[in-house]
Each structure stands twice: as C-alpha cells, then as structure tokens.
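Each residue of the sequence shown is one higher than the one before, starting from 103 at the first, in the working numbering.
Using N, Cα and C, we set each Cβ at its ideal position, and we do this for glycine too.
Worksheet: one structure, shown below.
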Amino acid sequence: MNRLAATAASLALVLAAAASPAASAEKSPLTASHMVAPAPPPGVNTMAIYGTLHNEGDAPLVLTGIEAAGFASAMLHETVTTDGIVTMRHRMAIEIGPGETVAFAPGGIHIMLMNPTGAVAPGETIAGVLRLGDGSAVIFEATITGKAPMEMRKGHEGMAHKADGAS
Ligand SMILES: [Cu+2]
103 MNRLAATAAS
113 LALVLAAAAS
123 PAASAEKSPL
133 TASHMVAPAP
143 PPGVNTMAIY
153 GTLHNEGDAP
163 LVLTGIEAAG
173 FASAMLHETV
183 TTDGIVTMRH
193 RMAIEIGPGE
203 TVAFAPGGIH
213 IMLMNPTGAV
223 APGETIAGVL
233 RLGDGSAVIF
243 EATITGKAPM
253 EMRKGHEGMA
263 HKADGAS
C-alpha cells in the first residue's frame, strides 16, 4: 500500500471511530485553513501543524482534541515563554468564540505531532480530525512544507511537556 492509500485508510478508521449522532452531515461552523506542517530536521520525530481556525457560527466552540493519520499521537500544544525559558504545555481545551479566529503559529498554540509511522516528505498532506466539545468533528488537511521555522530547528526533544494545571 502506498503512503497516500495508507493515510486514507487510517483516516477512514479515524472517521469511523468519530461517528456519533452529533457529528452529522450538518456543516461545522469551524473552518481550518492554511494548515501547514514544516518538515522536521533529520533525526527529529516531532513536528507541528500551524494554520488558522475560524468559528463562523454564533455560539462558542471548544476544541478538545486532535488526531492525525500517520502519527502515533497528536496533541494541542501551547508554547509558553517564562523568564526566557521556552516550554510547551498540553492544552486540554481551546475555546473559539463566535466569529473569532485563532492562529496556530510558531511560539503559540500549535498541533504537535509525534512519532510518524512512515516517512515525512515535503509536498505530501497530513489528514487530520479536530474534535469539538459538542461531539462533532472537523476534517482538515495540512500540507507538509520543506522549511522548518527556527523554533522547530532547535528541536522539541528537550522541552518540557506539561498538562494544563501542572505547576
Ligand atoms: Cu509542541
């Protein structure tokens, strides 16, 4: 099976698992655009997805989780700089108000992908699912780009990963 087929197959599994009454045919008010995933430097098995999320609806939405085909795990992360020390913490929930746009960008909120199950090549796409607190799900695609921003080149390996509420 080639990588694209493998990705499609694993996404199908993800979607089957996602099926719930709330995840109906109704179009989600949440849109994901400009989703990009800079390829990591050689030897690094983590990478991030950046992009723009927008709530077109008139009620707040809460992003509660993320899944990505082709990676052992995916999380919502936030980079925090305190007294010059850069750490990343796991965000359990991110609220997006009515009409609000949230930028996922280097140095801030991002989707963290860990342990790819295959090769990560620029030009390929990563299929993902955003989970919302109301039980609905939004599918998105991120394009793998060739150039990692400086923050990524320094590597995530040594960074602390803290859950919300951890001191
Ligand atoms: Cu991260």
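Tell me which same chain residues have a C-beta within less than 7 angstroms of the C-beta of residue i, skipping the five on either side of it?
| i | result |
| --- | --- |
| Asp160 | Pro200 |
| Ala205 | Thr154 |
| Ser130 | Ser238 and Val240 |
| Gly257 | Summary for Gly257: the model assigns pLDDT 49, below 50, so the residue's position carries little reliability; its value from the coordinates is reported in the next sentence. Within the same chain, Gly257 has close Cβ partners Val146. |
| Asn157 | Pro131, Leu132, Leu163, Ile198, Gly199, Pro200, Gly201 and Glu202 |
I need the straight-line Cα distance from residue i to residue j, nearest angstrom please.
| i | j | result |
| --- | --- | --- |
| Ala141 | Pro162 | 33 angstroms |
| Val146 | Ile246 | 15 angstroms |
| Thr183 | Ile196 | 19 angstroms |
| Met194 | Glu169 | 13 angstroms |
| His212 | His179 | 5 angstroms |
| Met357 | Met177 | It is not possible to answer for residue 357, since the shown part of the chain is limited to 103 through 269. |
| Leu232 | Gly186 | 31 angstroms |
| Val222 | Pro144 | 10 angstroms |
| Gly225 | Leu165 | 27 angstroms |
| His192 | Phe173 | 17 angstroms |
Which residues share a DSSP beta bridge with residue i?
| i | result |
| --- | --- |
| Ser238 | Beta-bridge pairing links Ser238 to no other residue. |
| Glu243 | Ala229 |
| Pro140 | Thr247 |
| Arg193 | The partner list for Arg193 (beta bridge, DSSP) is empty, contrary to what the question assumes. |
| Ala207 | BP columns for Ala207 are empty, so no partner. |
| Thr184 | Ile187 |
| Ala171 | Beta-bridge pairing links Ala171 to no other residue. |
| Ser135 | Thr154 |
For residue i, which three-state DSSP category applies?
| i | result |
| --- | --- |
| Gly199 | coil |
| Gly153 | strand |
| Val164 | strand |
| Ala176 | strand |
| Asn217 | strand |
Excluding the five sequence neighbours on either side, which residues of its own chain have a C-beta within less than 6 angstroms of the C-beta of residue i, listed in chain order?
| i | result |
| --- | --- |
| Ala124 | Confidence at Ala124 is low in this model, with a pLDDT of 45, below 50, so its placement is unreliable and no value can be given for it. |
| Ala139 | Met149, Ile151, Ile228, Ala244 and Ile246 |
Apart from the five residues just before and just after residue i, which ones in its own chain have a Cβ nearer than 8 angstroms to its Cβ?
| i | result |
| --- | --- |
| Ala207 | Tyr152 |
*Beta carbon shell of ligand 1 at less than 5 angstroms from a heavy atom*: His179, Met190 and Met214
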